[in-house]
Amino acid sequence: MEGRDEICEWLRREYDLVYFKTREEAVMRILSVVLGVLEKLAVKASLDDLYLEDIAYAELLLKYAKECLER
429 MEGRDEICEW
439 LRREYDLVYF
449 KTREEAVMRI
459 LSVVLGVLEK
469 LAVKASLDDL
479 YLEDIAYAEL
489 LLKYAKECLE
499 R
């Protein structure tokens, strides 16, 4: 698993947070992406235990995103 700082940097690059006018817009964008991923993974979770790890990882990314945005 990547370190916290690496995840924060990835989030900044991936979602280019500088283009959002407010912190709230950035948070909403990240939340919508993560929720979309979680919904897709939840459907597949019953088929393969590996997806449960993906869901946990997505939840962890969401936690780190929140921490990064609060800085």
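For the sequence shown, our numbering assigns the number 429 to the initial residue and increments by one for each residue that follows. Ideal placement from N, C-alpha and C gives every residue a C-beta, glycine not left out. Everything numeric in this text was worked out from a predicted model, so none of it was measured.
Original post:
Of the choices Glu-495, Glu-467 and Cys-496, whose alpha-carbon is the least far from that of Ala-484?
Top reply: Within the sequence shown, residue 484 is the residue found at index 56, counting from 1. Nearest of Glu-495, Glu-467 and Cys-496 to Ala-484, Cα basis: Glu-467.
Subject >> Same chain only: Cβ atoms within 8 Å of Lys-494, ignoring 5 sequence neighbours per side >> reply: Taking the sequence shown and counting its residues from 1, the one referred to as residue 494 is at position 66. Taken in chain order, the residues that qualify are Val-455.
Original post:
Roughly how many whole angstroms lie between the Cα atoms of Glu-481 and Lys-449?
Top reply: Numbered from its first residue, the sequence shown carries residue 481 at position 53. Numbered from its first residue, the sequence shown carries residue 449 at position 21. Looking at the two C-alpha atoms, the distance is approximately 33 Å.
Original post:
For Leu-489, does the count of other Cβ atoms within 10 angstroms reach 16, so buried, or fall short, so exposed?
Top reply: For the purposes of this step, residue 489 is taken as the residue at position 61 of the sequence shown. The residue is buried, with at least 16 neighbouring Cβ atoms inside 10 Å.
Original post:
Where does Lys-494 fall in DSSP's three states?
Top reply: Counting from 1 along the sequence shown, the entry for residue 494 is found at position 66. Here Lys-494 sits in helix by DSSP.
**OP:** Please classify Ile-483: does DSSP put it in a helix, a strand, or coil?
**Re:** Position 55 of the sequence shown holds residue 483. It is helical.
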